[in-house]
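Taking it in order: structure first as structure tokens, then the write-up.
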Amino acid sequence: MRCVPIKASEASLLHGLYLLTPEYFDLLGTTVPSYQEVFEELVAAEMDRRRHCELLSEGQDLVGYLDWTTDYPGSGDLTVNLLLVATPYQRRGLGSQAARQLEERAPAGTRRILASVYGSNGPAAHFWERRGYRPSNDCGPAVRWYTKILSEGERIHVGHQIRR
Ligand SMILES: CC(C)(COP(=O)(O)OP(=O)(O)OC[C@H]1O[C@@H](n2cnc3c(N)ncnc32)[C@H](O)[C@@H]1OP(=O)(O)O)[C@@H](O)C(=O)NCCC(=O)NCCS
Numbered sequence: 019m020r021c022v023p024i025k026a027s028e029a030s031l032l033h034g035l036y037l038l039t040p041e042y043f044d045l046l047g048t049t050v051p052s053y054q055e056v057f058e059e060l061v062a063a064e065m066d067r068r069r070h071c072e073l074l075s076e077g078q079d080l081v082g083y084l085d086w087t088t089d090y091p092g093s094g095d096l097t098v099n100l101l102l103v104a105t106p107y108q109r110r111g112l113g114s115q116a117a118r119q120l121e122e123r124a125p126a127g128t129r130r131i132l133a134s135v136y137g138s139n140g141p142a143a144h145f146w147e148r149r150g151y152r153p154s155n156d157c158g159p160a161v162r163w164y165t166k167i168l169s170e171g172e173r174i175h176v177g178h179q180i181r182r
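Those letters in the sequence shown? Residues 19 to 182, by our numbering.
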């Protein structure tokens with residue numbers, strides 16, 4: 019799987035992924051964001067150097083989107099704001115692959131990965147639990163956090179010196 023940063027000028031690609039995944043927005047009780055809303059979100063993300071918005075592709079296919087923030091909520095934390103695999107590509111292990119790759123390429127100093135799950139999104143809760151994430155400090159009914167403490171073996175840093 020390839021994870022490539024998305025620019026605001028490519029908002030139509032992310033909008034297309036959202037249009038392919040209306041069930042997610044049904045679960046949240048919202049409508050699929052408009053192109054303009056997606057564009058504005060990506061512009062805002064570009065101004066935050068801790069935020070990483072990436073398109074996920076497999077072979078020739080654009081299959082999903084990954085949005086994560088470093089050092090949030092605290093130093094050494096990495097929060098997954100959204101992992102979305104478009105409906106036609108779900109249940110093939112792609113979401114798991116994206117999560118595993120993120121654990122491996124998390125920046126040096128990352129100690130925890132947190133995933134925020136909004137609303138009553140049972141499938142997402144099940145997904146993160148299957149990936150070894152545990153429910154943590156519940157921030158009320160609107161959002162639930164799933165957390166995984168990274169072990170050293172799960173972090174592979176290019177150029178990282180191995181000390182014995
Ligand atoms: C959650 C999501 C990312 C999972 O991606 P995926 O590629 O379908 O997941 P995988 O194929 O890697 O599935 C891994 C495990 O997650 C669980 N899972 C995935 N989709 C599920 C679903 N719809 N219902 C219940 N469990 C689900 C399963 O346990 C699955 O393994 P199993 O089938 O062997 O039991 C995807 O369904 C999605 O994008 N949903 C919409 C957006 C969303 O809710 N994102 C999560 C909030 S950050």
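Quick reminder that beta carbons are idealized off the backbone N, C-alpha and C, glycines included.
For the pair of segments examined, the segment 112-122 was found to touch the segment 81-88: the number of CB pairs separated by less than 8 Å reaches three. The beta carbon of residue 147 is closer than 6 Å to none in its chain, skipping five residues each way along the sequence. If you check the CB distance, residue 130 and residue 165 come in under 8 Å.
Boundaries around residue 36 are those of the alpha helix (DSSP H), 29-37, since no beta strand (DSSP E) includes it. In this structure the segment 26-46 touches the segment 88-107; the number of beta carbon pairs closer than 8 Å is three or more.
Assigned with DSSP and collapsed to three states, residue 66 falls in coil, not helix or strand. Judged by DSSP in its simplified three-state form, residue 79 adopts strand.
For residue 42, the shortest separation between its Cβ and any heavy atom of ligand 1 lies below 7 Å. Annotated as distal: residue 76 and residue 45, with beta-carbon spacing of 8 Å or more. Boundaries of the alpha helix (DSSP H) harbouring residue 44: 40-46, taken from the DSSP string. Relative to residue 125, the option among 68, 49, 33 whose CA is nearest is 68. Rounded to whole angstroms, the separation of the alpha carbons of residue 92 and residue 28 is 30 Å. Distances between the C-beta of residue 63 and the heavy atoms of ligand 1 are all 7 Å or more.
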